[in-house]
Amino acid sequence: MQDLIRNFSIIAHIDHGKSTLADCLIQACKALSTREMTSQVLDTMDIEKERGITIKAQSVRLNYRYQGQDYILNLIDTPGHVDFSYEVSRSLCACEGALLVVDATQGVQAQTIANVYIALDNHLEILPVLNKIDLPNAEVEAVKEDIEDTIGLDCAGANCVSAKAHLGINELLETIIAKIPPPKGNKEAPTKALIYDSWFDNYLGALALVRLKEGRLCVNQEVLVMGSAKTHQVLALYYPNPLHKIPTDSIECGEIGIISLGSKNLTDIAVGDTITDAKTPTATPIEGFKPAKPFVFAGLYPIESDQFEELREALLKLQLNDSSLQFEPESSVALGFGFRVGFLGLLHMEVIKERLEREFNLNLIATAPTVVYEVHLTDGQVVAVQNPSQLPPESTIESIYEPYVRASIIAPSEYLGNLLGLLNNRRGVQEKMEYLNQNRVMLTYDLPSNEIVMDFYDKLKSCTKGYASFDYEPIGYKEGQLVKLDIRVANEVVDALSIIVDRSKAYEKGKALVETMKTLIPRQLFEVAIQASIGNKIIARETVKSVGKNVTAKCYGGDITRKRKLLEKQKEGKKRMKAIGKVHLPQEAFLAILKVD
3 MQDLIRNFSI
13 IAHIDHGKST
23 LADCLIQACK
33 ALSTREMTSQ
43 VLDTMDIEKE
53 RGITIKAQSV
63 RLNYRYQGQD
73 YILNLIDTPG
83 HVDFSYEVSR
93 SLCACEGALL
103 VVDATQGVQA
113 QTIANVYIAL
123 DNHLEILPVL
133 NKIDLPNAEV
143 EAVKEDIEDT
153 IGLDCAGANC
163 VSAKAHLGIN
173 ELLETIIAKI
183 PPPKGNKEAP
193 TKALIYDSWF
203 DNYLGALALV
213 RLKEGRLCVN
223 QEVLVMGSAK
233 THQVLALYYP
243 NPLHKIPTDS
253 IECGEIGIIS
263 LGSKNLTDIA
273 VGDTITDAKT
283 PTATPIEGFK
293 PAKPFVFAGL
303 YPIESDQFEE
313 LREALLKLQL
323 NDSSLQFEPE
333 SSVALGFGFR
343 VGFLGLLHME
353 VIKERLEREF
363 NLNLIATAPT
373 VVYEVHLTDG
383 QVVAVQNPSQ
393 LPPESTIESI
403 YEPYVRASII
413 APSEYLGNLL
423 GLLNNRRGVQ
433 EKMEYLNQNR
443 VMLTYDLPSN
453 EIVMDFYDKL
463 KSCTKGYASF
473 DYEPIGYKEG
483 QLVKLDIRVA
493 NEVVDALSII
503 VDRSKAYEKG
513 KALVETMKTL
523 IPRQLFEVAI
533 QASIGNKIIA
543 RETVKSVGKN
553 VTAKCYGGDI
563 TRKRKLLEKQ
573 KEGKKRMKAI
583 GKVHLPQEAF
593 LAILKVD
């Protein structure tokens, strides 16, 4: 049985055709009827189909007959965007092989290389696959050389396919069976299953997608989840299918399946945990799995303050389907009650905010994204700060350490000047620069995380006309000359607009921000001062002029003292209004920080 199983994943850079290739493989194996088949069938969210990206890794069990034998192919489609690389890493833990899909018109990109390293760490058999070979600008031989030179994979027998035109799909399936090794493991040993995904079903409760490393799982079996040390009874077992789960009585060694334990809480079946038999447990859990860590933090606040509890419930429900989401309550003087939410990156943040607004009918304001800083205090304490408003007073701070990432950027060499200018402006330190061929260059830079969480990706695409690809990995903390930049509106600090910036950039950032805010805050009946400050020192200021009313319009001639009296009365009224007046900031004001360069 094990000899007839192949577990493999599809990895690639974003938009190189993973989901379309997965559709072709499903069709070729007749897992769905023609009527049931849709494009991007494994992308189950509306946002995935609209944006053309994969956010959630999906699995499907396929049957394929080859040389008189019925083979079982377990396919896992993975995301391509750097924000969701943790989805890739956990999917590859459950496989023996990976299809490395490369666009024949674009060649190797930054995320292609990053995903290859994850696959190599998991000791997988990597099969290079060139997609989109039917396009007129496809350069098959050049891209094969590119893969051999950049990654070091032998491309002599690489499969050339077109997922759109259904070319070379059966040959690819035969290569998968011939080259990807069957799963290993002792079917007589105690049950040992890796949980590599989990989600919440409204009818069945918490479900886990597992890969059986050893032994077998049966319905009604008493199992132990080793991380939570809780025992459960297996209520049902299924094989994964895009549209309808296939019930089964048992899952054998080497197979992938869905397990229902009747639990209402996803923390009972955490991703990366090990499931074993309760009566004869395995000696050691499965190791080497890294849980997702939030990279970016931002505040989410409901525009209507009475929607706070609805936002809490919505986040809890999303967390059931996305274990990487972390949040905790926080309050802001300007925005009221909300939540500090941890995301994997800016795209993840956009997707979560959009899902909250669409699926739960919430109107939200998101504050500027920040990263986690390590603040060393004068009394020897070290505190982690993810919200600028939590930064201790400057007099108590000895030093601030900020997280860094190692960024890999691949782009056409004609844009090298633009790239170097952008990276130097973002305080980047060059580690390596190499030409992959005559026309493409790869840059490796160490960059502060807070320089890439705002608008770095947009600026990168702008300065290279969309041709650059970008990947990063965290490398630790380095000391920085950082200060907290506050924005004051009508002499009140708006804590939701506070940001932590490099001291050398504080003046230009503050000046640009107050100038932008001046255009966004509506005019009041009194003058509104917008100031940028570091501590008590004002470094930039703009003023929103008051709405003027001509109080002397009713005076036709007469003594000048009458007009002066009316103007003095107006002046006193505006002074009183300025002392007690409140300025309501529009939502665009909180987004201004993201757009200021």
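Heads up, the final residue of the sequence shown is numbered 599 in the working numbering, and it's a clean run with no missing numbers.
A virtual CB, placed ideally from N, CA and C, is assigned to each residue, including glycine.
Sequence-distant residues of the same chain with beta carbon closer than 6 Å to residue i, five excluded per side
i    : result
A208 : F202, S265, L268 and I271
G338 : S307
Y403 : E376, Y479 and E481
K511 : V503
V600 : No answer is possible for residue 600: the residues shown for the chain start at 3 and end at 599.
I477 : Y406 and R408
P287 : M228 and T276
A238 : S262
P130 : L102, I149, L155, C157 and A160
T152 : V110 and L438
L206 : S262
S617 : Limits of the chain in this structure are 3 at one end and 599 at the other, which puts residue 617 out of reach.
Residue i versus the options, residue with shortest Cα-Cα distance
i    : options                   : result
C162 : D151, N117, D105 and N420 : D105
F472 : L102, C95, Y447 and I120  : Y447
I115 : I411, N243 and C557       : I411
E664 : E359, T278 and A191       : Because the chain spans 3 through 599 in this model, residue 664 falls outside it and cannot be assessed.
Q328 : S334, G344, S11 and L320  : G344
Q69  : Q29, G154, C97 and L175   : L175
Q309 : A300, F362 and P524       : F362
H15  : V110, A195, L206 and Q29  : V110
E216 : E475, H234, I182 and T282 : T282
V221 : I248, Q235 and N426       : Q235
N9   : Y66, M444 and A100        : A100
M444 : L421, N65 and K295        : L421
I178 : L64, G423 and K186        : L64
M435 : K181, G419, I501 and P138 : G419
A191 : P249, S93 and T284        : T284
C95  : L126, Q71 and Q108        : L126
A121 : A140, E98 and I536        : E98
Residue i: first and last residue of the uninterrupted alpha helix (DSSP H) it sits in
i    : result
I149 : V142 to T152
C177 : One detail in the question is off: residue 177 reads as Thr in this sequence, not Cys. First-last of the alpha helix (DSSP H) with T177: I171 to K181.
T518 : A508 to L522
E433 : Looking at the DSSP string, E433 is not in any alpha helix (DSSP H); the run it does join, the beta strand (DSSP E), is V431 to Y437.
G423 : L418 to N427
T22  : K20 to A30
T114 : A112 to D123
F297 : Counting along the chain, F297 falls outside any alpha helix (DSSP H), and DSSP gives it neither H nor E.
L462 : F458 to C465
Limits of the beta strand (DSSP E) - the one that residue i falls within
i    : result
S200 : K194 to D203
A413 : I399 to P414
E453 : Segment S451 to I454 is the alpha helix (DSSP H) holding E453; no beta strand (DSSP E) there.
K556 : Counting along the chain, K556 falls outside any beta strand (DSSP E), and DSSP gives it neither H nor E.
V387 : V384 to V387
L2   : Only positions 3 to 599 of the chain appear in the structure, and residue 2 is not among them; the question remains open.
S471 : S471 to G482
P130 : E127 to N133
L102 : G99 to D105
K547 : Unbroken run through K547: none, as it is neither H nor E.
N9   : I7 to A14
D504 : I501 to D504
Same chain, Cβ closer than 8 Å to residue i, neighbours up to 5 away in sequence not counted
i    : result
A386 : V374, Y375, E376 and V377
S333 : F339 and G340
A300 : R342, V343, F345, M351, A368, T369, A370, P371 and T372
R218 : K189, T193, S252, I253, E254 and C255
I12  : K20, L23, A24, L77, I78, D79, T80, A100, L101 and V103
A167 : D136
G170 : I135, N161, C162, V163 and S164
L484 : Y375, I402, E404, I502, V503, D504 and R505
I305 : N365, L366, I367 and Q589
Inter-residue CB distance, residue i and residue j (contact presumed, cutoff 8 Å)
i    : j    : result
D199 : L211 : 4 Å
L487 : A470 : L487 to A470, Cβ: 29 Å. No contact.
V227 : D275 : 6 Å
L132 : V142 : 6 Å
L302 : L313 : 7 Å
Residues of its chain near residue i, where Cβ-Cβ distance is below 7 Å and the 5 sequence neighbours each way are ignored
i    : result
K520 : I532, E544 and V546
D5   : P184
R53  : Any answer about R53 is weak, because its pLDDT of 49 lies below 50 and its placement is not dependable; what the coordinates show is given next. If we look at R53 and ignore the five residues flanking it on each side, it has no Cβ neighbours.
K556 : none
Taking the runs of the alpha helix (DSSP H) that are 4 residues or longer, which of them lie wholly in the segment 224-265?
none
Give the list of continuous beta strand (DSSP E) stretches no shorter than 3 residues that lie fully inside the segment 336-368.
338-345 and 366-368
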